[in-house]
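Chains as they are written, first to last, in this note's numbering: chain E, 4 to 126; chain C, 797 to 1180; chain F, 2 to 478. All residues carry an ideal CB built from backbone N, CA and C; glycine is no exception. Worksheet: the structure to be examined is printed underneath.
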């Protein structure tokens, strides 16, 4: 069972991701902004196996989440899922240690593969 | 006057009115008008709030249902996961029949939701969403909107067709591409590129009015996200188009698709009389990292206006062949313009691997201001 | 003697009549034009467009400039909210204008800032810049802080920011203003969608933040201010932005882009010399100078406005601070009219000289004087028993109902297009406010304006600058 945190302010995306990642194998927590994400992370003592995050969100953007997560003693792998088309922004994400980037709209099967791959790598 | 019985209590008001000078009469009339308009405004506010409230209530009830149906039928469809092509998947529409789809607002809400889903997923699931839209006959409303005399409706309909990737006959779209209304004209062009099965880029040949920055954003999105569009060599319009905005837009597309075969056409554009276009061409060559044009750029440098000079310096930095380090150093040390010195320093830093010695030397010898510029450009914390 | 006096009285009466009539007509016209402008906006702009722009690599870069003077209480949450705006390509420049509190220290520690060797090339002269800071955390790479010597004015601080801005357009705001998350997208669209003209400035509707709910710089729920004075201001802002500015923008005659939030073309603003630090109304003064520059250089320009509320600012809640703000505004207006009087009815300046300037002169600058003189004469006539009471009260009633109508129409446009506030009774509450405005709020404004003019004429030295900014929207915690 892998614990995944999804940070996303769109209302539909979490429902989609919940279906893409079967609940038998993944425990998915959803928060809709940066503030809630930090609260969740603090409360669980960064106890997630993977974080899927958007970039542009209220309170704290995806970059801040990345920066905070990657400065932990045990960095959690992060996939950015965003509609950002600006290359600078994507590069910024990778500079901050993002492990993968998927551009919206996503192909469901692709998200599943990338999630699996990252979880395998970090086992 | 009409024979309406006038209540007695109005008599004093009426007699005042009759005896009053013009200004007072006008004032009296306008007091009544103002009171009526104010009351009418209150009613409109109440009405619009009530309608808004109802709409929200209906949607709060309906949207979760639509979401669940779509998720169950499409996202969780085992055949999608198995990779069966969307065209061969039989959708079960029973659940959707229970939605109040005989109501127009419910159909619109469903359409909007499907579009929202399609903005989040593509691939097979995206195709299946499109099939759902067609099978629920939601496109019929959109077709009707296309016939509306109101331009805003037509634009909406066209945008919906673009989003859902529904083919529309050229004869329907083409007349609209010459509409007098700018928004409609633009929407029709976008639809033509996205949906026409013939030559989608044909309108680049004929368009005479400038493509606005916004048009370029929309076109760029459509061109780069349409899956089965065949990308032409954009050099064609760089060479032949007399519309500057089309040329400048094609330069951006050339960079995006890294179309190296277009380099000769872009190089030819360096002779254009228009500075803005020339600057765009230099920018494009730099981003394509064409080392062969460096000499040409350097030789034309001194006769250029400031913005082209800056672009030349930047381009040399992007190309980073290492052959123009002396030129950059020269500009950095001797140019009188701050922006030019900064651009030269930046390009030197980008050439770092080959210009290491030169930079070191400059760090030791440069005057105070130049040293600051150099340090500025070398600092990884400073982006621009 | 008698004859001359009565002739003068007649002339005064007639002038006043024409003056009033024109003013009423202009407002009726503005109501109509603003409706057209707002309708055009709501038809054209969809949420979809904002999404497209947010995801586009071709969005033009924007620089946000936010001056801060002793904003220690709220600086962190406000910078955080600027960092989370929806826009693909922007930088944030906070100008610490020589704060004497811990504003700078807080910024440095919260965002892990360090001083960098920055090649600063001032094109506009300002008080010296001490240091420029960037964050060592790449998550804040878009943030930059300028630490400068206090210039005693917002203008001087923003000018330092303009000098350092990277992009072609800058968005000027106040650190204590709270912005809607789509602000940059909304402000960029009119620039990108303009067909023929060069857009030199874009503004949007401002509102009073006082009773709305905010959480760490994010708007949670809009409410009309509970206190009377801020509520008057809310109503006044709706009228002045949704009806006034939108109406003017329909005919490209916008007189002012508010200092709380506005997008400007950097090149034009720089060439005009930036904000004037000696001005008491630096925002309007800059726009006037930019328009003037555009005319002088044959640039076919446009100033655009958006009816949507994108910025919330704390309105003064005490009469004392309010009086300071309005006196200052009036003084700024008088200064501006005096400095640019050569544009008055000057056909060389097109609509600016023939419409905007005369309107501001007659109906903004002179209005308080006209009203004041009217009241004096009224009292004189009343005392000498020359007032025809029924007629006089009818006229007064007419002006009153008309004023209420215009304000209600502004609230109506606002409601029809955006449906702000959650509950209908909150709107009703707002609708009742204009009934008291005429009697309570308006006299205050007239009085403070006259005081502003008096200060302008006597050249009273004032230590505004910082004081004023402190009053104008200091957060209470």
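Review point. Looking at the structure shown, is residue 114 of chain F part of a helix, part of a strand, or coil, going by DSSP?
Key: strand
**Study point:** Classification of residue 1111 of chain C by the beta-carbon crowding that lies within 10 angstroms, buried from 16 upward
**Key:** buried
Point to revise | Residue range of the beta strand (DSSP E) that includes residue 173 of chain F | key: 170 to 174
Exercise for review: Tell me whether residue 1005 of chain C sits in a helix, a strand or coil according to DSSP, three-state version.
Suggested key: coil
Review point. Is the Cβ of residue 1054 of chain C closer than 8 Å to any Cβ of chain E?
Key: no
Practice item. State yes or no: is the beta carbon of residue 1003 of chain C nearer than 8 Å to at least one beta carbon in chain F? Key: no
Point to revise | Residues of its chain near residue 141 of chain F, where Cβ-Cβ distance is below 6 Å and the 5 sequence neighbours each way are ignored | key: 112
**Study point:** residue 1122 of chain C in three-state terms, based on DSSP
**Key:** helix
Check your understanding: Smallest Cα separation from residue 74 of chain F: which of F/294, F/54, F/105 and F/402?
Key -> F/105
**Study point:** Residue interval of the alpha helix (DSSP H) (run including residue 31 of chain E)
**Key:** No alpha helix (DSSP H) contains residue 31 of chain E, which is instead part of the beta strand (DSSP E) from 29 to 34.
Review point. Per DSSP, residue 313 of chain F forms a beta bridge with which residues?
Key: F/179 and F/208
Exercise for review: Hey, could you find the ends of the alpha helix (DSSP H) residue 45 of chain E is sitting in?
Suggested key: 37 to 46
Practice item. Output, in chain order, the set of chain C residues within a Cβ distance shorter than 8 Å of residue 109 of chain F. Key: None at all; the shortest Cβ gap to chain C is about 14 Å.
Check your understanding: From which residue to which residue does the alpha helix (DSSP H) around residue 856 of chain C run?
Key -> 818 to 866
**Study point:** Secondary structure of residue 263 of chain F, DSSP reduced to three states
**Key:** strand
**Study point:** Span of the beta strand (DSSP E), counted from its first residue to its last, around residue 133 of chain F
**Key:** 130 to 136
Review point. Looking at C-alpha atoms only, which residue of F/252, F/253 and F/205 is the closest neighbour of residue 243 of chain F?
Key: F/205
Point to revise | First through last residue of the alpha helix (DSSP H) which encompasses residue 1145 of chain C | key: 1134 to 1146
Point to revise | Whole-angstrom distance between residue 1121 of chain C and residue 1152 of chain C, CA atom to CA atom | key: 10 Å
Point to revise | Assigned exposure category for residue 846 of chain C - 16 Cβ within 10 Å defines buried | key: exposed
Practice item. Look up residue 872 of chain C in the DSSP assignment and say whether it is helix, strand or coil. Key: coil
Check your understanding: With respect to the alpha helix (DSSP H) encompassing residue 805 of chain C, which residues constitute its N-terminal and C-terminal limits?
Key -> That residue, residue 805 of chain C, is in no alpha helix (DSSP H); it is neither H nor E in DSSP.
Exercise for review: Quick one: residues in its chain with C-beta nearer than 8 Å to the C-beta of residue 804 of chain C, no 5 flanking neighbours on either side, listed in chain order?
Suggested key: none
Exercise for review: Please check the pair residue 350 of chain F and residue 278 of chain F, which I expect to be a contact at CB under 8 Å, by giving their CB distance rounded to whole angstroms.
Suggested key: Not quite, the Cβ-Cβ distance comes to about 25 Å (not below 8 Å), so this is no contact.
**Study point:** With 16 other Cβ atoms within 10 Å as the buried cut-off, status of residue 101 of chain F
**Key:** exposed
Review point. Are the beta-carbon atoms belonging to residue 119 of chain F and residue 96 of chain F less than 8 Å from one another?
Key: no
Review point. In the structure shown, what three-state DSSP assignment does residue 1 of chain F receive?
Key: Residue 1 of chain F cannot be examined here, being either before or after the span of chain F that is shown, 2 to 478.
Practice item. With a 10 Å radius around its C-beta and 16 neighbouring C-beta atoms as the bar for buried, classify residue 40 of chain E as buried or exposed. Key: buried
Review point. Counting pairs of beta carbons, one from the region 243 to 253 of chain F and one from the region 299 to 309 of chain F, are three or more of them closer than 8 Å?
Key: yes
Review point. Since residue 2 of chain E meets chain C, which of its residues come closer than 7 Å, beta carbon to beta carbon?
Key: Residue numbering for chain E in the displayed model covers 4 to 126; residue 2 of chain E lies beyond these limits and cannot be assessed.
Review point. Can you find a CB in chain F that lies within less than 8 Å of the CB of residue 69 of chain E?
Key: yes
Practice item. Check the Cβ of residue 425 of chain F against every Cβ in chain C and list those closer than 9 Å, keeping chain order. Key: 841, 842, 845, 846 and 849
Point to revise | Minimum C-alpha distance to residue 858 of chain C - residue among C/904, C/831, C/888 and C/1067 | key: C/904
Check your understanding: In this structure, does DSSP put residue 225 of chain F in helix, strand or coil?
Key -> coil
Exercise for review: Examine chain E for any beta-carbon lying closer than 8 Å to the beta-carbon of residue 476 of chain F, and answer yes or no.
Suggested key: In this prediction, residue 476 of chain F has a pLDDT of 38, which is less than 50 and means its spatial position is unreliable; what the coordinates show is noted afterwards. For residue 476 of chain F, the answer is no, since every Cβ of chain E falls outside 8 Å of its Cβ.
Review point. Secondary structure at residue 5 of chain E, three-state DSSP: helix, strand or coil?
Key: strand
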